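Colleague: Numbers given in this note's numbering equal positions in the sequence shown, counted from 1, plus 395.
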Amino acid sequence: MNPTTAAVRAGWARGLIELRQSFTNGHDLFSHLFWPTLMLVVMYFMRDVTLGPGGLVLGTLLLPSVLGMNAAMGMVTMSQLLTAEREDGTLLRAKATPNGMLGYLVGKVVTVSGGLLADLTILLVPGLIIIDGLAIGSPGSWLTLAGVLVLGMVATLPIGAVLGSVFTSARGQGLIQLPILGLIAISGIFYPITALPEWLQWIAQAFPIYWLGLGMRSALLPDGAVSVEIGQSWRHVETVGVLGAWAVLGLVLAPIVLRRMARRESGSSVAERREQALQRVG
396 MNPTTAAVRA GWARGLIELR QSFTNGHDLF SHLFWPTLML VVMYFMRDVT LGPGGLVLGT
456 LLLPSVLGMN AAMGMVTMSQ LLTAEREDGT LLRAKATPNG MLGYLVGKVV TVSGGLLADL
516 TILLVPGLII IDGLAIGSPG SWLTLAGVLV LGMVATLPIG AVLGSVFTSA RGQGLIQLPI
576 LGLIAISGIF YPITALPEWL QWIAQAFPIY WLGLGMRSAL LPDGAVSVEI GQSWRHVETV
636 GVLGAWAVLG LVLAPIVLRR MARRESGSSV AERREQALQR VG
């Protein structure tokens, strides 16, 4: 068997094992359920709140936007996993095996994307029941939803791998989460982006979170909902273009950054980080 194929198959198997374990571990299971449940409660109380003269329901706008936000948050999960497993020596062990880094990365993609799909399902299925006014009757809506989700994961997961390679300690992850939360706040997830100053709208449009939310809204909302979007358009071409550009950037950078990070890993560096962690605990 081709060594690359063997590494991919091993990574796939590893990812499925880790994914299955995440649904049998109490802490991980709570993580999968908490955020979707919290968002469903928020949407339930917003299901009758109207927005603007068109009478759009805020809860209806919120569901697809939160789906897009959750898809984008996969890059944070990827970054956290890489940083944590770099600190505890898992990456060093992967580096020591033939094509181990390839298998490791494939495993992480399977784990993160599988967990992400489960979280979105937990959010979407009850959401379709408690939220009215969604345009889900045509196959085109579901095809658009699937296409935006796949392109969004390709655009964000490699970037998450790059970010995870930058930080040597899990404590540095706070430097990622704070800007991400800021981007969520200005990306039209919880309120139409057109209500924000124009300069904030331009900043939001430079990042994938806004475009994932827009793509999800275009898939699940009726045509009248486009009135609260920029230019009163779903901008499908721009969505594909921006997410595609992020995907290309991530796919080009991720292998380069990961190879450089792996070359710097050694037993002494892992031991040093472990000693520093123990000192912080002590």
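The beta carbon of each residue, even a glycine, is placed where N, CA and C say it ideally should be. Computed from a predicted model, the values in this text were never measured in an experiment.
Can we say the segment 483-500 touches the segment 606-624, given the rule of at least three CB pairs closer than 8 Å?
Modeller: With the cut-off at 8 Å, the segment 483-500 and the segment 606-624 do not touch.
Colleague: Does the segment 407-417 come within contact of the segment 497-510, defined as at least 3 CB pairs closer than 8 Å?
Modeller: Yes, the segment 407-417 touches the segment 497-510.
Colleague: Counting only runs of 4+ residues fully inside the segment 536-613, write out the alpha helix (DSSP H) ranges in chain order.
Modeller: Counting only runs of 4 or more, we get 569-580, 593-600.
Colleague: Is the beta carbon of A556 closer than 8 Å to that of M473?
Modeller: For M473 and A556, yes; Cβs fall inside 8 Å.
Colleague: With respect to the alpha helix (DSSP H) encompassing Q416, which residues constitute its N-terminal and C-terminal limits?
Modeller: Per DSSP, Q416 belongs to the alpha helix (DSSP H) from 398-417.
Colleague: Using C-beta distances below 8 Å, list every residue in its chain close to D527, excluding the 5 sequence neighbours before and after it, in chain order.
Modeller: Within the same chain, D527 has close Cβ partners R442, V452, T455.
Colleague: Closest to L552 by CA distance: which of V543, T419, V507, T634 is it?
Modeller: Among V543, T419, V507, T634, the Cα nearest to that of L552 belongs to V507.
Colleague: Return helix, strand or coil for V444, following the three-state DSSP convention.
Modeller: In this structure, V444 counts as coil in the three-state DSSP scheme.
Colleague: Measure from the alpha carbon of L458 to the alpha carbon of each residue in G583, L646, G645, then state which is nearest.
Modeller: Considering only alpha carbons, the answer is G583.
Colleague: Pairs of beta-carbons, one from the segment 601-612 and one from the segment 629-645, closer than 8 Å: are there three or more?
Modeller: These segments touch.
Colleague: Name, in chain order, the residues that DSSP records as bridge partners for V452.
Modeller: Paired residue(s): T445.
Colleague: Would L433 be called buried (16 or more neighbouring beta carbons within 10 Å of its own) or exposed?
Modeller: That one is exposed.
Colleague: Would you report the Cα separation of T399 and A405, rounded to the nearest angstrom?
Modeller: So the alpha carbons of these two residues sit roughly 10 Å apart.
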